[in-house]
Amino acid sequence: MSEPFSANAIGVTWLQDAYASAAESLARQLGLPCGQADSATCSLWLQVGEHGLSLQASGPDAPGAVRVDFVEGAMAHRRQFGGGAGQMVAKAVGLRGVIRPSVLDATAGLGRDAFVLAALGCQVTLIERQPVIAALLDDGLQRARAAGGEVAEIAARMQLIHADAIEAMGAWQGQIPQVVHLDPMFPHRDKSALVKKEMRLFRPLAGDDLDAPALLAAALQLASHRVAVKRPRKASAIEGVLPSAQLNGQSSRYDIYGKKKLEA
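Below, the structure is given as C-alpha cells:
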C-alpha cells in the first residue's frame, strides 16, 4: 500500500492573487500548509491558478508542472486520432460492436484510460485513493464539464470517488460494474519525458502498490464479467489467480481475468 504523503513535503499555493482564497480552502480540505511557494518549506506544491490545479516540484532541477487536461493537448489529440475502439485499453475491457460495458477504474491516477473509455461510450466510475492526485483529477473533470460540447458529454459519463479501492470494492453498494480496470503503480521503464516527469512527482506521493494482490482479489470479487490489469510488458502477473488471457502491446500488456462473456 502507498505511504501517506507528509504534510511537511507538500503545500498549496496560488499563481495569481485572485486564487489565494481558493488555495487556502483547498489547503484546509487536504490538511496541508498554504503560502508562497518556497523550496525550503515544501518539495511539492499544488498550484491554484487561472488554468486550474497543477502539481509542481520545487528546486532548480524540478520537472515542469503536471495537471489534468481533458480539453486540450494530448488527451484532445488522443480523443480525435487515438484509434477509437481499436486501442488496447478498449479491447482489454471488452469493447466490440455495440458492446459498451460499465467500467470501474479502481486505480484512476490522472484519468487518461477512464477518459478514453468514456469517450468511446462507457459509463466509468473512477477511484483514486491518493488525496493530491484525486484533487488534480477532480479539477480536470470539473473543467471538462464546464467546457461544454463533446468533452462535457464525455466527462458526464465519469464519476470520481476518493477512497481506498480495496475498501470501496469490499463495501460496494452501487450498481455492480461489468468490468474492473486496474493499473497498479509499478516501477515504469518508459523513457518518455512525460512519464519521467509524472513519475518523479507522483512516486513520492503514491509509492508502489504493494497491495496489488489484494486489489486484484477485491476486483475479481466485485466485477460481474471481467477484470483487466495493465502491466509492463515483461512484468510478471500479479500474485494470485492466473489470467485467462493476455493482450500485448509494445511497452505494456493487459492481463485479462474473464468471469462471464460480455454480450450486447
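Heads up: the sequence shown runs through residues 31 to 294, numbered per our numbering.
No residue lacks a Cβ here, since even glycine has one placed at the ideal position from N, Cα and C.
Only a predicted model underlies this, so the values are computations on that prediction, with no experimental measurement involved.
CB-CB under 7 Å to Gly151, same chain, minus the five flanking residues each way: which ones, in chain order?
Excluding residues within five positions, the ones whose Cβ falls inside 7 Å are Arg130.
When the Cα atoms are used, what is the spatial distance from Gln46 to Gly79?
Cα to Cα, Gln46 sits roughly 6 Å from Gly79.
Between the C-alpha atoms of Arg173 and Pro243, what's the straight-line distance to the nearest angstrom?
Arg173 and Pro243: Cα-Cα distance of roughly 34 Å.
Exposed or buried, which one is Glu158 when buried takes at least 16 other CB atoms within 10 Å?
When all chains shown are included, Glu158 counts as buried.
Can you give, in chain order, each stretch of the alpha helix (DSSP H) that sits fully within the segment 242 to 281 and has at least 4 residues?
Qualifying alpha helix (DSSP H) stretches, in chain order: 242 to 252.
Just to check my reading of the structure: Gln208 and Leu292 have Cβ atoms closer than 8 Å, yes? What is that Cβ distance to the nearest angstrom?
Yes, Gln208 and Leu292 are in contact; Cβ-Cβ is about 7 Å, under 8 Å.
Pick helix, strand or coil for Ile129, following the three-state DSSP scheme.
Three-state DSSP puts Ile129 in a strand.
What residues in its chain sit with their C-beta under 7 Å from that of Gly200, if we drop five residues either side in the sequence?
Contacts found: Ala248.
Considering only C-alpha positions, which residue in the set Ser73, His81, Gln77 is nearest to Asp91?
Of the candidates Ser73, His81, Gln77, the one whose C-alpha sits nearest the C-alpha of Asp91 is Ser73.
According to the neighbour-count rule (16 or more other Cβ atoms, all chains shown, within 10 Å of its Cβ), is Arg58 buried or exposed?
Exposed, because fewer than 16 other Cβ atoms sit within 10 Å of the Cβ of Arg58.
Taking the alpha carbon of Leu246 as the reference point, which residue from Gln280, Ala87, Tyr287 has its own alpha carbon closest?
With distances taken between Cα atoms, Leu246 lies closest to Tyr287.
Can you have a look at Lys264 and say buried or exposed, based on whether 16 or more other CB atoms are within 10 angstroms of its CB?
The residue is exposed, with fewer than 16 neighbouring Cβ atoms inside 10 Å.
By the DSSP assignment, the beta strand (DSSP E) with Ile87 in it spans what residues?
Strictly speaking, residue 87 in this sequence is Ala, with Ile absent from that position. Taken as a continuous stretch (DSSP letters only), the beta strand (DSSP E) holding Ala87 covers 82 to 87.
Nearest by alpha-carbon distance to Gln276: which of Asp241, Ala122, Leu156, Ile268 is it?
If we check each option's Cα against that of Gln276, Ala122 comes out closest.
What does DSSP give as the partner residue(s) for Gln77 in the beta ladder?
According to DSSP, which records beta bridges pairwise, Gln77 is partnered with Thr43, Ser84.
Do you know how far the Cα of Ala104 is from the Cα of Ala87?
Their backbone Cα atoms lie some 21 Å apart in a straight line.
At which residues does the alpha helix (DSSP H) containing Glu54 begin and terminate?
Its alpha helix (DSSP H) spans residues 50 to 60.
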